[in-house]
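J.: Starting off with a structure, shown below.
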Amino acid sequence: MTATTTPTAMMPTEWRDFFALTKPRVMTLVVFTAICGLLAAPGSIHPVLGFTAVLAIAMGAGGSAVINQWWEADLDAGMKRTKDRPLPGGRMRREDARDFGMFLSGVSVMLMGVAIGWLAAGLLFAAIIYYAVIYTMWLKPRTPQNIVIGGGAGAFPPLIGWVAVTGELTAMPILLFAIIFMWTPPHFWALALFVKTDYANVGIPMMPVVRGEKSTRHQILAYTVLLAPVAVAPWLIGGTSWVYGSVSVALSVLFFALAWPVGLRTRAESDPMKQEILLFKFSIAYLFVLFAALVADRVLYAQGIIGTGLFGGGIFA
């Protein structure tokens with residue numbers, strides 16, 4: 001972490017600034033996938049406990065996001081898309097952000113442990129450390145593989161949601177983790193292609209900066225191909241029915257169709273990168289629809305409307 005460049009003349013801090021530090025847009029996906037993991041898990045959980053589990057996951061994700069921005073305040077000040085965040089914008093002291101992030105993180109783990117169970121709490125603690133320390137402080141400034149390895153940080157919510165219900169770690173929640181882990185590189189690199197100048201200006205070795213656009217595009221396509229069988233795997237192992245299976249196959253085909261031109265084309269400097277933006281936006285919808293299909297599949301199975309997976313049996317049984 002470099003010396004602070006936060007302006008000395010502080011502007012008044014509002015509650016909105018604290019909320020902004022939790023990255024609410026990212027939080028939407030975190031909360032959604034956590035809820036999906038919780039609802040798709042076999043068994044049941046009291047609504048109050050279910051709400052508590054999701055709240056703890058949201059607090060943990062928010063806390064790690066705050067710690068991320070505390071650590072990277074100087075880097076954020078040098079990037080166009082982040083320079084107006086509360087810390088580089090001079091609306092909050094770094095110490096206050098650090099303390100807020102530590103408070104949220106600590107309370108989230110304790111709340112999860114006391115209300116739900118210590119396995120779920122341990123996984124939440126691991127997720128916080130993964131993002132705030134392993135990714136933010138170690139991987140991101142050192143390797144262009146930061147997003148590949150760091151993708152695990154965003155893959156924890158459905159895993160924790162599932163474990164909050166079942167109290168055990170099985171194949172299905174691990175697959176949900178793997179889906180988000182494999183989804184992260186093509187999703188994020190599609191964004192990084194059109195904000196690579198920001199990363200280059202502050203010395204962050206993102207893939208487009210270090211390896212170039214051509215290599216990044218090829219890897220977007222490669223990870224899209226690798227994602228497909230992982231996304232379909234819950235159906236193949238009998239954990240879901242044809243409902244989820246058909247949705248996962250269709251979404252994977254669409255993802256590949258959009259990634260193909262991005263992965264193989266050579267872009268002129270004047271190109272507005274419409275295909276890359278389309279791929280980035282679709283990747284977000286992809287994850288929402290895929291996990292919504294998982295929940296729908298579970299609900300239909302619970303009501304006896306559908307059976308289990310491709311080879312019968314299944315984890316839902």
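Heads up: the sequence shown begins at 1 in my numbering, then just goes up one per residue.
Where is the CB? At the ideal position from N, CA and C, for every residue including glycine.
Keep in mind it's a predicted model, so treat the numbers as computed, not measured.
1. For residue 339, tell me which candidate among 215, 64, 280, 229 has the shortest Cα-Cα distance.
2. I'd like the ranges of any alpha helix (DSSP H) spanning at least 4 consecutive residues and lying wholly in the region 167 to 251.
3. Please state whether DSSP places residue 143 in a helix, a strand or coil.
4. Using CA atoms only, rank isn't needed, just tell me which of 296, 256, 153 is closest to residue 242.
5. In angstroms with no decimal places, state the Cα-to-Cα distance between residue 44 and residue 161.
6. One question on the structure: do residue 105 and residue 67 come within less than 8 Å of each other, judged by their Cβ atoms?
7. With C-beta atoms as the reference, is residue 30 less than 8 Å away from residue 61?
8. Here's a check: name, in chain order, each residue in its chain whose Cβ is nearer than 8 Å to the Cβ of residue 110, leaving out the five neighbours to either side.
9. Over the uninterrupted alpha helix (DSSP H) stretch that includes residue 88, give me the two end residues.
10. On the CB-based measure, 16 or more other CB atoms within 10 Å of its CB, does residue 19 come out buried or exposed?
11. Compare the Cα-Cα distances from residue 96 to each of 75, 41, 21, 114 and report the closest residue.
12. Give me, in chain order, the residues of the same chain whose beta-carbon lies closer than 6 Å to that of residue 298; leave out the 5 immediate sequence neighbours on both sides.
13. Can you name the start and end residues of the alpha helix (DSSP H) that residue 133 belongs to?
14. Would you decide whether residue 1 is buried or exposed? Buried here means 16 or more other CB atoms lie within 10 Å of its CB.
15. Could you pull out every residue in the same chain whose Cβ sits closer than 8 Å to the Cβ of residue 65, ignoring the five residues on either side in sequence?
16. When you compare the CB positions of residue 224 and residue 177, do they come within less than 8 Å of one another, or not?
17. Per the contact definition of three or more C-beta pairs closer than 8 Å, is the region 231 to 242 in contact with the region 208 to 216?
T.: Walking through what the data contain:
1. The requested residue 339 is not part of the displayed model; the chain covers only 1 to 317.
2. 171 to 193, 196 to 202, 207 to 210, 213 to 236
3. Your numbering for residue 143 matches position 143 in the sequence shown. In the structure shown, residue 143 sits in coil (DSSP, three-state: anything other than H, G, I, E or B).
4. What you label residue 242 is simply residue 242 of the sequence shown in a count that begins at 1. Nearest option by C-alpha distance: 296.
5. Numbered from 1 along the sequence shown, position 44 holds the residue referred to as residue 44. Numbered from 1 along the sequence shown, position 161 holds the residue referred to as residue 161. About 12 Å.
6. As a working note, residue 105 is residue 105 in the sequence shown. As a working note, residue 67 is residue 67 in the sequence shown. Against a cut-off of 8 Å, the Cβ pair of residue 67 and residue 105 comes out as a contact.
7. As a position in the sequence shown, residue 30 is number 30, starting the count at 1. As a position in the sequence shown, residue 61 is number 61, starting the count at 1. Cβ atoms of residue 30 and residue 61: closer than 8 Å.
8. To locate residue 110, count along the sequence shown from 1; it is residue 110. Counting only Cβ-Cβ distances below 8 Å, and skipping sequence neighbours, we find 121.
9. Counting from one through the sequence shown, the residue named residue 88 turns up at place 88. No residue range can be given for residue 88, since it is assigned to no alpha helix (DSSP H) and is classified by DSSP as neither H nor E.
10. Mapped onto the sequence shown, residue 19 falls at position 19. Flag for residue 19 reads exposed.
11. One-based indexing of the sequence shown puts residue 96 at position 96. Out of 75, 41, 21, 114, 21 has the C-alpha closest to the C-alpha of residue 96.
12. Within the sequence shown, residue 298 is the residue found at index 298, counting from 1. Excluding positions up to five away in sequence, the list reads 40.
13. The sequence position of residue 133 within the sequence shown is 133, counting from 1. Neither: residue 133 is in no alpha helix (DSSP H) and is coded neither H nor E.
14. Start at 1 with the first residue of the sequence shown, and residue 1 comes out as number 1. Bear in mind that the predicted position of residue 1 carries a pLDDT of just 47, short of 50, making it too unreliable to give a figure here.
15. For the purposes of this step, residue 65 is taken as residue 65 along the sequence shown, with counting starting at 1. Once the five neighbours on either side are set aside, the close Cβ partners of residue 65 are 21, 22, 23, 26, 27, 101, 131.
16. The residue labelled residue 224 in the question sits at position 224 within the sequence shown. The residue labelled residue 177 in the question sits at position 177 within the sequence shown. It is not a contact, given that the beta carbons lie outside the stated cut-off.
17. no
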